[in-house]
Amino acid sequence: MRRRFVRVLLVVCLIVLSIAALLWTQRKPIADNLVRRELERRGVSARYRVAEIGFGRQRLVDVVIGNPSRPDLVADWVDVDTNIGLNGARVTGARVGQARLRATLSPDGTVSFGEIDKLLPPPSGKPFALPDFAVAVNDGRIRLTTPYGIVGLKVAGKGRLRDGFTGRLAAVSEALALNGCKIERLASALSVRIVGGRPSVTGPVRAQRAACGEVAVVAPVADLDLSLGEAFDRWRGKAGIRAARVTAPTTRVADIAGTIAFDGRAGATRGTIDLTSGAFALPQASGAGLGIDGRYALEGAPAFEGRVSAAGVTLPRATIASIASAGRVAAGSPLDPLARAAAAAAARAATRFDVTARLAARPLVARIDSAAVRSASGARLSLTDGPVQWVSGKGVTLNGMVAMAGGGLPDARVRLRQSAPGAAVSGTAIVRPYAAGDARLALTPVRFRVAPDGGTRIETEATLSGPLADGRIDNLRLPIDARWNGATSVSVNPGCTPVAFDRLRVSALRLAPVRTRLCAIDGAMLRLANGRIGGGVTAGPLTLNGMLGGSPLTLSATDARFGMGNLGFALSGVRTRLGGPDRMSVLDIASLTGRIANGSVTGGFTGGEGQIGNVPLLIREAAGDWALRQGILTLNGTVGVRDADAAPRFEPLRSDDFTLTLNGNAIRAGGTLKHPAKGVKVTDVAITHDLASGRGRAVLDVPGITFGDSFQPNELTRLTFGVVADVKGSVSGRGDIAWSPQGVTSTGTFRTAGTDLAAAFGPVSGLSGEIRFTDLLGLVSAPGQVVTLAEVNPGIAVTDGVVRYRLIEGQRVQIEGGRWPIGGGEMVLEPTILDFAEDQQRRLTFRVTGVNAGLFLQQFQFDNINASGTFDGVLPMIFDANGGRIEGGKLQSRGSGNLSYVGDVTKEDVGFWGNLAFQALKSMNYRGLTIEMDGPLAGEMVTAIRFSGVSQGQGTYSNFLIRRLARLPFVFNVRIKAPFRQLIDSVQNYYDPKRLIERNLPALQAEQRRQEQGLPPAPLDTTIQPSESETVP
């Protein structure tokens, strides 16, 4: 039985071996048929050739899968290692020579290999795991087509996929584009290693350029060090990041470098980031580098917590210049040094500084725990004790301490408190006194509160000292109550506010301490609403005391207003008193208005009145415009000038072109003074005054005042009234007035030539001379002033006169003497003093000495009279409000003389007595002749003429009667009553018998006829000429 079993077993084995031998010899056709049937069953188009079939290895060559014209896989050879056991054959490894594979990445993320997809097993639902077999790829290349572009992959390596595989993976792409982003010239060279079922990839991934929109990264590189889990569901590693630069239209960041570490799984990745950059340039700043260092998380939403920084930051030059120039906004104010210092410090700080901040952020939420800014200038700004938090839809929560110090900036600490988003924000700012130059600002703790609706209130009190114009103000104290409605309206100090300062000095002005109260206009001292500025301040009666230069000053106003909207102001009832009681300068202005614009102040004024110190000139009815530009005050307008004396020495004058400038302590003023009614130019005035020293000067330039029918001196000064009239001529000259704390001096020189006028004592022609004043305002001159008179005619014309005089104090004229040549002798004006200050008598005494009668008669054209003899005499004249008169005037001959009538005798029949008279008067001798005059020059002058020792002269007609008459002791007493202007005519009547006889002969003949007719004689008329109702010239 046993042998039979053995024989059967041997037969079976032989049969099996025979079959096996048959199968082995037919293994390739069998295998080929099996593969083809499987490919046909799966619908796979493929070409290949079975090169070798063995128990442990099978090789296919010339493998082509897919459309032959565009195959999905091409391989020169493929080896498959198998292990045949009782459970069947299983693949234990695969090797590929050169292979080319096409693949496509769909938008949903799946990868298709074309016909090869039909050979892949269906998903098992189990976690992914690498197969446990060995793989070797000599040269595998994949063309991966994606929606973003084509990627070329190259794979080479060998080893077991579960553990021990090593290889290299290279990838290249000319361009990839996704949602507006583009990667150019992508390339990578990665090392792949699998240990314990966990793949790891190391190596660089780089591109020539990556761009999204207008943002581009040039030459980005990522050095990967990546490890994956066995199921490819976890990843861990890091990437060294480098980039040459990041650019945008207004942004540039260079030399980016750092590391991004990651550790994650599907749906959650965490890691750290540490990146820095080189130089950067942003629209708002540039600097040496940027940095980010912290932790991030990608768990449904990205999150970051860490530190961000910027080093060597510099703001744009224009911004720095703008910050620096912001200090000029307070130019000319006490805040100017502080604003300039703070702006300069901020500008220096903005030149180079570092910024760091610790923050946390995730979508719709951000938190800043701390922040610090440190400048190379030493300035520091920090936020501590945070956080400051922002939540989308809820707002910001502000908590923390903001501190600022160093680098010339103010030292401040601001505490912020807010319980929740949308709740009120309150806080307190502690600002240490800030000083710069000669300015100092101190604030009490600044309390503020921001309500949920945005309404904000800030309260503090400021104490300020600093320069003001070219002076300064000390300890200006002003409470501040600022309010914001959270929208478009800000108001400051809505009510009345006490304001005070200890000292104020501007130019030469120094004010004593002031305590006053300012009230708001329209509900606020300052209001900003809807882009417009409003509000203002008003003050009631205000009085300021101090010093201007070395002079006491009192300045007051009944009302003052200042509007913030148009920066306009108005003052009324302005009263200024400058100087001590003995030399006080006064300036009152009824209304003063102004407006601040374009760095200057302009306005107008009306009702100006005043007086400068001791200068006896009053300013009246001043009005015009004024401006303050670059510290220089200018006034232009009209002004009236009056004499300050109680008895004005000149009539009011007016200037239509008056100008005044105040530059520092220097005042310059000038204009043309004219007669207000007739517009006659009187003088050009130039005034200078130094407020610091109290010294000044006025120059009066009189180019020429012409007097005539339309303008007379009495219209310019009352002092000429009743003294001169009917003036025809001109006056020119120059006056200088100087003043100082010690007093006022004035000098001047004026001249006239060929002036004609009418004086109380008679008409004057050809008056010429120059007068030098030693006290122009007091009308005082130097001694020995000289005036020449071509002709003076008080009734008897005298020529070529010279008068010496001087003007003395009290509107008095001291006559030093005067002389006129007359009839071989002279007429002398004796020294005297004429007082024009009061309405009183003024006396002039003319003395006549050694006048030759013959020359006198020839000088005054008495052609029918010859005379001999010498006369002396005196003519006292008195002038008062009633005019001029002669009182006790007397002319007397020195001895005997002769009068001879040499004219033609009348042809009429004058009778016996007429012929007798004419014959007798042909020559008359006298032993004494006296003429006495009394009476007004403009009224009836009483002149008494007395002849004594009269006898007939040689060569006259003689008869018995005449000789008997000549023996009689005749004395002629003649009284003439007539206007003084007819005096010379009366004298001619007596010197010229022809005129005497012709005038009186008809009366004698009429009397003779009355006697012949037996009529009574006519009443005796003792007057030479009847009185008339009018003044006889």
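For any residue, its number in this note's numbering is found by taking its place in the sequence shown, counting from 1, and adding 1.
In this text, a Cβ means the ideal position worked out from N, Cα and C, and glycines have one as well.
These numbers come from a predicted model, not from an experiment.
#### Entry: Simplified DSSP state of Ala240, which is helix, strand or coil
strand
### Message
Looking at the secondary structure, which residues open and close the beta strand (DSSP E) in which Ile879 lies?
### Response
Per DSSP, Ile879 belongs to the beta strand (DSSP E) from 871–881.
### Query
So what does Ala440 bridge to, in DSSP terms?
DSSP lists Ala437 as the beta-bridge partner residues of Ala440.
### Task
Pick out whichever of Thr252, Arg43, Asp264 has its Cα sitting closest to the Cα of Phe233.
Asp264
### Message
Under 8 Å, with one C-beta from each stretch per pair, do the stretch 468–488 and the stretch 333–340 reach the 3-pair mark?
### Response
yes
### Task
Drop a sphere of 10 angstroms on the beta-carbon of Tyr992, count the other beta-carbons inside from all chains shown, and report buried for 16 or more, exposed for fewer.
Reliability fails at Tyr992, whose pLDDT of 41 lies under 50, so the model's placement of it is uncertain and no value is given.
### Query
Where does Gln59 land, buried or exposed, given buried means 16+ other C-beta within 10 angstroms?
buried
### Among Leu512, Val196, Gly874, Asn899, nearest to Gly889 - alpha-carbon criterion
Ranking the options by Cα distance to Gly889, first place goes to Gly874.
### Query
Using the beta-carbon count (16 or more within 10 Å), is Ala372 buried or exposed?
By the 10 Å Cβ count, Ala372 comes out buried.
### Query
Are there 16 or more other CB atoms within 10 angstroms of the CB of Glu116, so buried, or fewer, so exposed?
For Glu116, the number of other beta carbons within 10 angstroms of its own is at least 16, and it is reported as buried.
### Query
Cα separation between Glu610 and Gly695?
The straight-line gap separating the alpha-carbon atoms of Glu610 and Gly695 is approximately 20 Å.
### Message
Suppose you measure from the CA of Trp78 to the CA of Phe166; what does that come to, to the nearest Å?
### Response
21 Å
### Query
Going by the CB atoms, is the gap between Glu231 and Gly198 shorter than 7 Å?
yes
#### Entry: Environment of Ala269 [buried if 16+ CB atoms lie within 10 Å]
When all chains shown are included, Ala269 counts as exposed.
### Contact under 7 Å by Cβ, Arg576 with Met585
no
### Segment contact, 8 Å Cβ cut-off, at least three pairs: the stretch 663–670 with the stretch 686–695
yes
### Query
What runs of the alpha helix (DSSP H), each 4 residues or longer, lie entirely inside the stretch 280–339?
318–326
### Alpha carbon of Thr539 to alpha carbon of Ser376, nearest angstrom
45 Å
### Task
Use the C-beta contact count for Gln631: other C-beta atoms within 10 angstroms, 16 or more gives buried, fewer gives exposed.
By the neighbour-count definition (other C-beta atoms within 10 Å, threshold 16), Gln631 is an exposed residue.
#### Entry: CA-to-CA distance, Tyr435 to Ile442, given in whole angstroms
Note that residue 442 is Leu in the sequence shown here, rather than Ile. Distance from the CA atom of Leu442 to the CA atom of Tyr435, rounded to whole angstroms, is 5 Å.
### Environment of Asn494 [buried if 16+ CB atoms lie within 10 Å]
When all chains shown are included, Asn494 counts as buried.
### Task
Buried or exposed for Phe722, please, with buried defined as at least 16 other CB atoms from any protein chain shown within 10 angstroms of its CB.
exposed
### Query
When the Cβ atoms of the stretch 356–368 are set against those of the stretch 384–392, are three or more pairs found closer than 8 Å?
Output reads yes: the stretch 384–392 touches the stretch 356–368.
### Message
Less than 6 Å between C-beta atoms, sequence neighbours within five positions excluded: which residues of the same chain meet that for Glu460?
### Response
Only Arg448, Asp482 meet the Cβ criterion.
### Query
Under a Cβ-count criterion, where at least 16 other Cβ atoms within 10 Å of its own Cβ denotes burial, should Leu179 be classed as buried or exposed?
exposed
### Query
How big is the Cα-Cα spacing for Pro832 and Glu817?
5 Å
### DSSP beta-bridge partners of Ile54
Gln59
### Task
With DSSP collapsed to three states, give me the class of Lys395.
If DSSP states are grouped into helix, strand and coil, Lys395 belongs with coil.
### Query
Roughly how many angstroms lie between the CA atoms of Glu76 and Thr203, to the nearest whole one?
For clarity, residue 76 is Ala in the given sequence; the question names Glu instead. Approximately 28 Å, taken between the alpha carbons.
### Query
Taking three-plus beta-carbon pairs below 8 Å as touching, is the stretch 735–743 in contact with the stretch 707–722?
Contact between the stretch 735–743 and the stretch 707–722 is absent, because fewer than three Cβ pairs lie under 8 Å.
### Query
Nearest to Pro453 by alpha carbon, out of Pro764, Trp485, Pro468, Ala693?
Trp485
### Task
Could you have a look at Ala348 and say whether DSSP puts it in helix, strand or coil?
Ala348 falls in the helix class under three-state DSSP.
### Task
For Asp412, collect the residues of the same chain with a Cβ closer than 8 Å to its Cβ; drop the 5 residues on either side in sequence, then sort them by chain order.
Met405, Ala406, Val432, Arg433, Tyr435
### Message
On the DSSP letters alone, give me the boundaries of the beta strand (DSSP E) that Ile613 sits inside.
### Response
Looking at the DSSP string, Ile613 is not in any beta strand (DSSP E), and its letter there is neither H nor E.
### Task
Decide yes or no for the touch test of the stretch 793–811 against the stretch 630–649: beta carbon pairs closer than 8 Å, at least 3 of them.
no
### Task
Confirm the yes/no value for this check: CB of Leu170, any heavy atom of the ligand COA, distance under 6 Å.
Ligands are entirely absent from the displayed structure, and the ligand COA is therefore not among its contents.
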